[in-house]
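A.B. asks: After the structure tokens below, expect a handful of questions from me.
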Amino acid sequence: MNFLLAAETTEEGGSGLVSPVIGVMLWTLIVFGITLFVLWKVAFPRIAEALDKRQRMIEDSIDTAEKTKREADELLREYRERLSDARGQADEIVARARRTAEAHEQESQADARTKREEMMDQTRRDIEAETRRAIQQIRSEVADLTVLATEKVTRKTLDASDQKRLVDEALAELDFAALANEERR
Amino acid sequence: MSQSRKILLGAGGAYLVLVILAFILFGNAGRQDFVPQEEFELPDWISLGVFTINKAVFYLIVAGILTCFTMVWIARKMEAKPNRVQTAVEVLYGVMRDNITRGNMDDKMAAKWFPFIGALFLFIWFNNLIGFIPLPTGHHHFDLFGLSIPTFGIYAATANVSVPLVLSLLVFFSYTAEGIRAKGVGGYLKSLIPAGVTGAMAGFIFVLELLSNIMRIVSLSVRLFANMLAGHLIILFMAGGLAILLGIAGIGVFLLPIGIALYLFEVGLVATLQAFIFATLSAIYIGGAVAESH
Numbered sequence: 001m002n003f004l005l006a007a008e009t010t011e012e013g014g015s016g017l018v019s020p021v022i023g024v025m026l027w028t029l030i031v032f033g034i035t036l037f038v039l040w041k042v043a044f045p046r047i048a049e050a051l052d053k054r055q056r057m058i059e060d061s062i063d064t065a066e067k068t069k070r071e072a073d074e075l076l077r078e079y080r081e082r083l084s085d086a087r088g089q090a091d092e093i094v095a096r097a098r099r100t101a102e103a104h105e106q107e108s109q110a111d112a113r114t115k116r117e118e119m120m121d122q123t124r125r126d127i128e129a130e131t132r133r134a135i136q137q138i139r140s141e142v143a144d145l146t147v148l149a150t151e152k153v154t155r156k157t158l159d160a161s162d163q164k165r166l167v168d169e170a171l172a173e174l175d176f177a178a179l180a181n182e183e184r185r
Numbered sequence: 001m002s003q004s005r006k007i008l009l010g011a012g013g014a015y016l017v018l019v020i021l022a023f024i025l026f027g028n029a030g031r032q033d034f035v036p037q038e039e040f041e042l043p044d045w046i047s048l049g050v051f052t053i054n055k056a057v058f059y060l061i062v063a064g065i066l067t068c069f070t071m072v073w074i075a076r077k078m079e080a081k082p083n084r085v086q087t088a089v090e091v092l093y094g095v096m097r098d099n100i101t102r103g104n105m106d107d108k109m110a111a112k113w114f115p116f117i118g119a120l121f122l123f124i125w126f127n128n129l130i131g132f133i134p135l136p137t138g139h140h141h142f143d144l145f146g147l148s149i150p151t152f153g154i155y156a157a158t159a160n161v162s163v164p165l166v167l168s169l170l171v172f173f174s175y176t177a178e179g180i181r182a183k184g185v186g187g188y189l190k191s192l193i194p195a196g197v198t199g200a201m202a203g204f205i206f207v208l209e210l211l212s213n214i215m216r217i218v219s220l221s222v223r224l225f226a227n228m229l230a231g232h233l234i235i236l237f238m239a240g241g242l243a244i245l246l247g248i249a250g251i252g253v254f255l256l257p258i259g260i261a262l263y264l265f266e267v268g269l270v271a272t273l274q275a276f277i278f279a280t281l282s283a284i285y286i287g288g289a290v291a292e293s294h
């Protein structure tokens, strides 16, 4: 209670506690005015500038990162495309090689077949010729032997007409049909 | 019983013994002629007529210089990669710009009024905070090696009605001017009446709104001033004032921890909160003055 009474008395005395003091008000205006001016013109712009700069930097970084990512994606896509191209090409090359090889094989098989047939034909012809020659030789030998044998038997030299007749007779008796058959087979 | 509980009980017991001892030993000894409001008196320090410098002016100037110096110093040291102090300042700047200013008006108005709102917040905040630093500005003097030194006391310029009143008047004139610029005198006065109110009721409401606008000056200044004054007074009482006033020394020992807790509460919360409230209300008033529907 003492305190409250004292407060009332000092208020009248102008303590400035609850009644405005014009001097303090003027000083407030001046000091706040200067503070406002300094903060407005010096401090706030610098802080704002620094913050804006950082924000720009962050935005730039994000943009750069996004750009790099896009580029990387593009590269990856291109790489994949090329890889699939290369794979396709490789498949084609293999297929072509296979086809070529098959064709080659068939060709060489056909060649071999022709060559073998040719060789067999040749062989057959050779055999035929040889057979004919052998038959011819046998024939002449048989004729000579016939003449010789007839001379020995008859003890006389045969003239040309006799000889011819004898040979023809002997040859007619000999059967060459079997040989001819074999030859044909 | 756990270790920490033992320690707590021991400390509590020792404290109780100390309080009882103080009662027994000193009893009524502390009583002096002590008038608490003397701590808030403003004797002339340097007489300069209307520009007389006293304790409030001294605190104002110190706060103003500290505000400018700190903010300019930090602004000069802004770096791309912030340290802790810079991060804190950036958060503070973001709160002032985005929450307080942009939250209550459109972007164009915010760009225009941010320096004012920001300066208001910082100026009041610094004034509140240095008000809790004990400085040799007390009413009484004590002798130290023959020198008569004022007792250390805490005082805030904002605990004096003149300072918040000037700031409130600045806010009042700012938002009124902004409202008149946006809508013209007639339009602004008309915008005080809420939409949909007509006839005789409109006249009544208009007077009411006009009064409430003027009352804003009182409410803004008294809220800040009374909060700061009450904080200082209660700390003063808890830190010994009450013991002297009642002449019971023991109660001083008992109250001191409460005083410390209240001091931390005032410094940590009230000083910042009051600056924040003042700045936010100013932003709301300025934003509201130009808003379409009042």
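Line order of the protein sequences matches chains A and D. Each residue of the first sequence is one higher than the one before, starting from 1 at the first, in full-length UniProt numbering. Each residue of the second sequence is one higher than the one before, starting from 1 at the first, in full-length UniProt numbering. For each residue, glycine too, the CB sits at the ideal point set by N, CA and C.
1) Going along chain D, which residues have a C-beta under 9 Å from Ala50 (chain A)?
2) Could you name the residues of chain A that Ser162 (chain D) contacts, counting a contact when the two beta carbons are closer than 7 Å?
3) Residues of chain A with CB closer than 9 Å to the CB of Tyr93 (chain D), please, in chain order.
4) For a quick check, are the C-beta atoms of Met228 (chain D) and Thr158 (chain D) less than 8 Å apart?
5) Looking at the C-beta of Ala56 (chain D), does it have a partner C-beta in chain A at a distance below 8 Å?
6) Closest to Thr272 (chain D) by C-alpha separation, out of D:Trp125, D:Lys6, D:Leu42 and D:Met109, would be which residue?
7) From what residue to what residue does the alpha helix (DSSP H) around Ser2 (chain D) run?
8) Suppose you measure from the CA of Arg133 (chain A) to the CA of Arg125 (chain A); what does that come to, to the nearest Å?
9) Here's the rule I'm using: 16 or more other beta-carbon atoms within 10 Å means buried, otherwise exposed. How should Met1 (chain A) be labelled?
10) Which whole-angstrom value describes the C-beta separation of Gly64 (chain D) and Val31 (chain A), a residue pair presumed to lie in contact below a C-beta threshold of 8 Å?
11) For the putative contact between Met96 (chain D) and Ile117 (chain D), defined by C-beta atoms under 8 Å, what is the C-beta separation to the nearest angstrom?
12) Would you call Pro45 (chain A) buried or exposed, if buried means 16 or more other Cβ atoms sit within 10 Å of its Cβ?
13) Answer yes or no: do His141 (chain D) and Pro134 (chain D) have a C-beta to C-beta separation smaller than 8 Å?
14) Compare the C-beta of residue 328 (chain D) with all C-beta atoms of chain A and state if any pair is closer than 8 Å.
15) Report back the beta-carbon spacing between Leu39 (chain A) and Pro115 (chain D) to the nearest angstrom; my notes put them in contact at under 8 Å.
16) Under the assumption that Ser168 (chain D) contacts Ser221 (chain D) (Cβ atoms under 8 Å), give the Cβ distance between them as a whole number of angstroms.
17) Tell me, to the nearest whole angstrom, how far the beta carbon of Tyr285 (chain D) is from that of Val171 (chain D); I am working on the premise that it is less than 8 Å.
18) By the three-class DSSP mapping on this structure, what secondary structure does Asn227 (chain D) have?
19) Could you spell out the range, first to last residue, of the alpha helix (DSSP H) harbouring Pro45 (chain A)?
20) Any contact between the stretch 136–143 of chain A and the stretch 161–173 of chain A? By contact I mean 3 or more CB pairs, one from each, below 8 Å.
21) Against Gly118 (chain D), what residues of chain A qualify as contacts under a CB-to-CB distance less than 7 Å, listed in chain order?
22) Could you check the C-alpha separation between Thr9 (chain A) and Glu41 (chain D) for me, to the nearest Å?
23) Can you give the Cα-Cα distance for Lys112 (chain D) and Leu224 (chain D), rounded to whole angstroms?
24) Is it buried or exposed, Ser282 (chain D), if we count other Cβ atoms within 10 angstroms and call 16 or more buried?
25) Compare the C-alpha of Leu246 (chain D) against each of D:Leu210, D:Phe23, D:Tyr15 and D:Leu120 and name the closest.
26) If you draw a straight line from the alpha carbon of Leu26 (chain A) to that of Val72 (chain D), how long is it in whole angstroms?
27) Using beta carbons (cut-off 8 Å, strictly below), is Met201 (chain D) in contact with chain A?
28) What is the DSSP secondary structure of Gly287 (chain D), reduced to helix, strand or coil?
29) So which residues on chain D does Ile58 (chain A) lean against when the C-beta distance must stay under 9 Å?
C.D. replies: Looking at the coordinates:
1) Ala75, Met78, Glu79, Ala80, Pro82, Gln86 and Glu90
2) Gly16, Pro20, Val21, Val24, Met25 and Thr28
3) Phe44, Ile47, Ala48 and Leu51
4) yes
5) yes
6) D:Trp125
7) Note, Ser2 (chain D): premise wrong, no alpha helix (DSSP H); not H, not E.
8) 12 Å
9) Because the pLDDT at Met1 (chain A) is just 38, under 50, the model does not fix this residue reliably, and the value given afterwards should be weighed accordingly. Exposed, since its Cβ has fewer than 16 Cβ neighbours within 10 Å.
10) 4 Å
11) 7 Å
12) exposed
13) no
14) This structure cannot settle anything about residue 328 (chain D), because the visible part of chain D is limited to 1 through 294.
15) 6 Å
16) 4 Å
17) 6 Å
18) helix
19) Phe44 to Thr154
20) yes
21) Leu39 and Phe44
22) The predicted position of Thr9 (chain A) is uncertain, since its pLDDT is 39 and thus under 50; a value taken from the coordinates is nonetheless stated next. Rounded to whole angstroms, Thr9 (chain A) to Glu41 (chain D) spans 12 Å at the Cα level.
23) 25 Å
24) buried
25) D:Phe23
26) 25 Å
27) no
28) helix
29) The contacting residues do not exist; Ile58 (chain A) stays about 10 Å from chain D at best.
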